[in-house]
Amino acid sequence: MNYDHAYHAGNFADVFKHIILSRMVEYLKKKEKAFRVIDTHSGSGSYDLPNMEAEPTPEWIDGIGRLRDWKPTGKVGELMEPYLSAVFEDGKPEGINGFTYPGSPMIARRLMRKQDRLSAIELHPEAFENLKDLFKGDYQARIMELDGWLVPGSHLPPKEARGLTLIDPPFEQPAEFNRMIDAFEKSAHRFSGGTMACWYPLKHDGDVRLFKTLLKEAKISNLMVFELEVARTTFTPSLYGNGMIIRNAPYNLEAEMIAILKELVPLIERDKGSGRFKIERLTDE
Ligand code: SAM
41 MNYDHAYHAG
51 NFADVFKHII
61 LSRMVEYLKK
71 KEKAFRVIDT
81 HSGSGSYDLP
91 NMEAEPTPEW
101 IDGIGRLRDW
111 KPTGKVGELM
121 EPYLSAVFED
131 GKPEGINGFT
141 YPGSPMIARR
151 LMRKQDRLSA
161 IELHPEAFEN
171 LKDLFKGDYQ
181 ARIMELDGWL
191 VPGSHLPPKE
201 ARGLTLIDPP
211 FEQPAEFNRM
221 IDAFEKSAHR
231 FSGGTMACWY
241 PLKHDGDVRL
251 FKTLLKEAKI
261 SNLMVFELEV
271 ARTTFTPSLY
281 GNGMIIRNAP
291 YNLEAEMIAI
301 LKELVPLIER
311 DKGSGRFKIE
321 RLTDE
């Protein structure tokens, strides 16, 4: 396990994933009843972003760095407010040097109410220690040093009987697509009303196509695809975008993300005209 999310923190994929996360948490807040967010691959929870001059060029520059001067208004302003306030809790920094970007468990936690709960799981010992320190004394957060892939078969359903599971592995191993299919199957069986969101890279198109075909063949109901491309594809595979497949996505997420992405794509695409987004239903309800 060599992956260190610190190199990628705040990049375009984090921005996309964390906006979706924030919208899903906001949806859960529409009901008074408590919910739980289960983050199976939590990371450290907080990242000091490297200076702009660092080598190699820090990824956040073309991610959260592009949103620093963005002041969305109207409907998009309202939809983006939870994410932006969770990230820039103390206001937008003058220069982004020295800025700390929150990871997924911290973003979810900052958006929760007092009745809601977080289960943050991480296997890497160092990342786990950071996470544990970050949430020390927080009675709403349960931090576990555990293999996140065990969670769908052992920690679902949560006792709140409402909530969402985020699966965001490092994609260091090709088997991770297979594990996600297994996680969707277990979650559909054990927590049929819960939401589960799995992140994946857009890099090897064949793998992504096969992933979607296998999910359809597995007859997992109510799956939606949300994808963002920031660059054109090339013959040599490189990360040109990312996606999330969500089971039981909030009914309004598609409309919300269309509104947001129409404004976000031109801000975050690598070259003018190279970005696009796609939202589609993969399986029926
Ligand atoms: N979700 C985080 C966020 O958005 O801020 C980023 C997570 S990062 C992409 C993936 C994390 O999974 C890494 O911190 C890595 O150490 C951890 N990891 C790798 N294998 C794991 C496993 N089997 N169980 C739990 N965590 C694992």
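Take 41 as the starting number for the sequence shown in the working numbering and just add one per residue. Ideal placement from N, C-alpha and C gives every residue a C-beta, glycine not left out. Note that this is a predicted model, so its numbers are computed, not measured.
Per DSSP, which one or two residues make a beta bridge with residue i?
i      : result
Lys318 : Glu267
Arg287 : Met236, Leu263
Ser86  : Pro142
Ile59  : According to DSSP, Ile59 bridges with nothing at all.
Asn282 : Pro241, Leu268
Arg76  : Arg157, Gly203
Please report the residue range of the beta strand (DSSP E) in which residue i lies.
i      : result
Arg182 : 181-185
Pro142 : 140-142
Thr205 : 203-207
Leu158 : 157-162
Which first and last residues belong to the alpha helix (DSSP H) in which residue i is found?
i      : result
Pro122 : 114-127
Ala228 : 216-230
Ile298 : 293-308
Gly50  : From DSSP, Gly50 is part of no alpha helix (DSSP H); its letter is neither H nor E.
Lys172 : 165-174
Gly345 : Residue 345 is absent from the model: the chain starts at 41 and stops at 325.
Output the distance between the C-alpha atoms of residue i and residue j, rounded to the nearest integer angstrom.
i      : j      : result
Asp178 : Thr80  : 18 Å
Lys172 : Phe128 : 22 Å
Gly83  : Tyr141 : 12 Å
His229 : Ser261 : 11 Å
Ser125 : Arg150 : 9 Å
Thr113 : Ser194 : 43 Å
Glu99  : Ala167 : 19 Å
Arg108 : Pro133 : 8 Å
Gly117 : Leu268 : 20 Å
Met264 : Phe52  : 20 Å
Ile104 : Lys243 : 21 Å
Thr274 : Val55  : 23 Å
Ile161 : Lys226 : 18 Å
Arg157 : Ala295 : 27 Å
Lys312 : Pro210 : 29 Å
Arg182 : Arg249 : 36 Å
Asp102 : Pro198 : 36 Å
Asn292 : Lys71  : 15 Å
Met64  : Leu307 : 23 Å
Asp245 : Arg321 : 18 Å
Lys73  : Glu303 : 33 Å
Lys111 : Gly143 : 22 Å
Asn170 : Ala46  : 12 Å
Going by alpha carbons, who is nearest to residue i out of the options?
i      : options                        : result
Ala289 : Ser125, Phe251, Glu66, Pro90   : Glu66
Ile78  : Asp222, Ser159, Pro210         : Ser159
Tyr43  : Glu257, Ile104, Asp208, Phe52  : Asp208
Ala299 : Asp109, Arg108, Met120         : Met120
Leu254 : His244, Thr276, Arg219         : Arg219
Arg153 : Val55, Leu301, Leu68, Leu242   : Leu68
Gln213 : Glu296, Asp247, Glu225         : Asp247
Ser314 : Arg321, Leu322, Val305         : Val305
Glu216 : Glu200, Tyr240, Leu196, Lys199 : Tyr240
Lys259 : Asn292, Phe224, Phe231         : Phe224
Glu200 : Thr97, Phe317, Gln155, Tyr291  : Gln155
Pro192 : Glu309, Gly281, Ile221         : Ile221
Gly50  : Arg63, Glu303, Ala74, Ile147   : Ile147
Pro163 : Tyr280, Leu190, Phe175         : Here residue 163 turns out to be Leu, not Pro, going by the sequence shown. Out of Tyr280, Leu190, Phe175, Leu190 has the C-alpha closest to the C-alpha of Leu163.
Lys256 : Glu325, Tyr87, Met64           : Glu325
Asp88  : Phe139, Tyr47, Trp110          : Phe139
Ser86  : Thr97, Gly131, Phe175, Trp110  : Phe175
For residue i, decide whether its Cβ has a neighbour in chain B, counting only Cβ atoms nearer than 8 Å.
i      : result
Ile285 : Although the question refers to chain B, the structure presented lacks it and comprises just one protein chain.
Looking at C-beta atoms only, is the number of pairs between the segment 198-206 and the segment 232-243 that lie closer than 8 Å three or more? Contact holds: three or more Cβ-Cβ distances are below 8 Å.
Three or more beta-carbon pairs under 8 Å between the segment 91-105 and the segment 279-287, yes or no? Taking a cut-off of 8 Å for Cβ pairs, the segment 91-105 and the segment 279-287 do not touch, as fewer than three such pairs fall below it.
If contact is defined by three or more beta carbon pairs under 8 Å, each pair taking one atom from either stretch, is the segment 180-195 in contact with the segment 43-62? No, they do not touch.
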